[in-house]
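Contents: one structure, followed by commentary.
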């Protein structure tokens with residue numbers, strides 16, 4: 001599989017996309033207005049990849065949107081769609097249609113469904129989704145297409161520059177909030193992958209945090225406890241140069257001065273390694 005930016009999605013601003021009602025998940029039918037494309041990635045497969053048993057590639061694009069009946073309620077939408085085997089992008093539609101495959105399980109949608117079922121309060125809420133197939137004029141006629149809509153929570157993605165510019169007390173407050181929300185996420189049975197600081201949506205005005213970034217959601221044991229190493233993985237501590245840093249927190253950079261108090265708190269909460 002080869003990943004690269006592409007222009008697979010031609011979804012202009014103002015496009016309307018409707019997600020049908022899902023009574024079991026308490027999701028109503030709603031029409032969404034696309035306002036901006038934020039990011040797009042395509043994962044290409046060659047004919048040799050297909051011969052080796054891999055499924056055709058796909059593209060995923062993230063958009064900013066809002067409900068048609070409420071322009072002030074911002075949300076995010078990600079659309080997944082099958083793309084042609086590399087080299088067949090300009091082939092006749094009949095050939096591209098012959099490459100169509102059934103929808104495969106989608107990790108992001110599975111995670112959002114479970115998080116909504118558990119009413120997890122520290123992640124963006126699922127607002128709607130639609131599973132279908134591409135039309136005759138699309139890139140792979142009959143190929144799968146999945147749309148997922150989730151809320152835009154208050155705050156901005158945390159950055160390393162911002163976090164390490166704060167004083168010791170402010171950083172420890174963010175670490176405490178991370179410990180609170182991440183423990184709830186782990187209990188859901190899913191966690192973001194890969195872990196990065198940008199997966200932490202922090203609202204400076206309230207001090208509250210949400211965990212996001214479930215496109216590559218990974219299942220986890222619901223009994224899993226937060227680990228000291230999670231602070232490093234999410235950029236809230238800087239590891240030492242020791243080869244065994246993962247198992248030994250000595251030498252970590254946690255604050256400008258003083259002992260790493262938040263690590264002692266992790267031990268107290270059952271999060272020691």
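In full-length UniProt numbering, the protein residues as written are 1 to 273. Quick reminder that beta carbons are idealized off the backbone N, C-alpha and C, glycines included.
Handout entry: Simplified DSSP assignment, three categories, for residue 31
Key = The sequence position of residue 31 within the chain shown is 31, counting from 1. The three-state secondary structure of residue 31, taken from DSSP, is strand.
Problem - Rounded straight-line distance, which links the Cα of residue 177 to that of residue 207 - result: Here the question's residue 207 lines up with position 207 in the chain shown. Here the question's residue 177 lines up with position 177 in the chain shown. Near 8 Å, if we compare the C-alpha coordinates of residue 177 and residue 207.
Practice task
Report yes if the CB atom of residue 200 is closer than 9 Å to the CB atom of residue 224, and no otherwise.
Solution key: Here the question's residue 200 lines up with position 200 in the chain shown. Here the question's residue 224 lines up with position 224 in the chain shown. Cβ atoms of residue 200 and residue 224: not closer than 9 Å.
Problem - Pairwise C-alpha distance: residue 81 and residue 144 - result: Against the chain shown, residue 144 aligns to sequence position 144. Against the chain shown, residue 81 aligns to sequence position 81. If I take the Cα positions, the gap works out to 6 Å.
Handout entry: Chain-order list of residues whose beta-carbon lies under 6 Å from that of residue 126 (same chain, five-residue window excluded)
Key = The count along the chain shown starts at 1 and reaches residue 126 at position 126. Here the set comprises 112, 116 and 150.
Practice task
Just the C-alpha distance for residue 161 and residue 215, rounded to the nearest angstrom, thanks.
Solution key: By one-based count along the chain shown, residue 161 stands at place 161. By one-based count along the chain shown, residue 215 stands at place 215. Those two C-alpha atoms are separated by around 24 Å.
Practice task
Express the C-alpha separation of residue 45 and residue 55 in angstroms, rounding to a whole number.
Solution key: Stepping through the chain shown from its first residue, residue 55 is reached at position 55. Stepping through the chain shown from its first residue, residue 45 is reached at position 45. Take the alpha-carbon of residue 55 and the one of residue 45: they are about 8 Å apart.
Handout entry: Opening and closing residue of the beta strand (DSSP E) in which residue 149 lies
Key = Here residue 149 is taken as the residue at index 149 of the chain shown, counted from 1. 144–151 is the span of the beta strand (DSSP E), which, as asked, contains residue 149.
Practice task
For residue 50, I'd like the list of residues in its chain whose CB is within less than 7 Å of its CB, leaving aside the five on either flank, ordered along the chain.
Solution key: Locating residue 50 in the chain shown gives position 50, counting from the first residue. 56 and 85.
Handout entry: C-beta contact flag for residue 68 and residue 30 at 9 Å
Key = The count along the chain shown starts at 1 and reaches residue 68 at position 68. The count along the chain shown starts at 1 and reaches residue 30 at position 30. Yes, the Cβ-Cβ distance between residue 68 and residue 30 is below 9 Å.
Handout entry: Cutoff 6 Å; reference residue 255; Cβ partners in own chain excluding five residues on either side
Key = Taking the first residue of the chain shown as 1, we reach residue 255 at position 255. Per-residue confidence for residue 255 stands at a pLDDT of 44, beneath the threshold of 50, marking its modelled position as unreliable; the derived number appears in the next sentence. Once the five neighbours on either side are set aside, the close Cβ partners of residue 255 are 168.
Problem - Enclosing beta strand (DSSP E) for residue 22 [first to last residue] - result: Working through the chain shown from its first residue, we reach residue 22 at position 22. Segment: none, residue 22 is in no beta strand (DSSP E) and carries neither H nor E.
Exercise for the section: For residue 5, count neighbouring C-beta atoms within 10 Å of its own C-beta (all shown protein chains included) and say buried if the count is 16 or more, exposed if not. Expected result: By 1-based counting over the chain shown, the position of residue 5 is 5. Low per-residue confidence applies at residue 5: pLDDT is 45, beneath 50, and the placement is therefore not dependable, though the value from the model is reported in the following sentence. Under this definition residue 5 is an exposed residue.
Handout entry: Neighbour-count burial assignment, residue 209, 16 or more Cβ in a 10 Å radius
Key = Against the chain shown, residue 209 aligns to sequence position 209. Under a 10 Å Cβ-count criterion, residue 209 is classified as buried, with 16 or more other Cβ atoms of the shown protein chains found around its own Cβ.
Problem - Buried versus exposed, by CB contacts within 10 Å (16 or more), residue 158 - result: The sequence position of residue 158 within the chain shown is 158, counting from 1. Residue 158 should be labelled buried.
Handout entry: Check whether residue 329 and residue 122 have beta carbons under 9 Å apart
Key = Any property of residue 329 remains undetermined from this structure, which presents the chain solely from 1 to 273.
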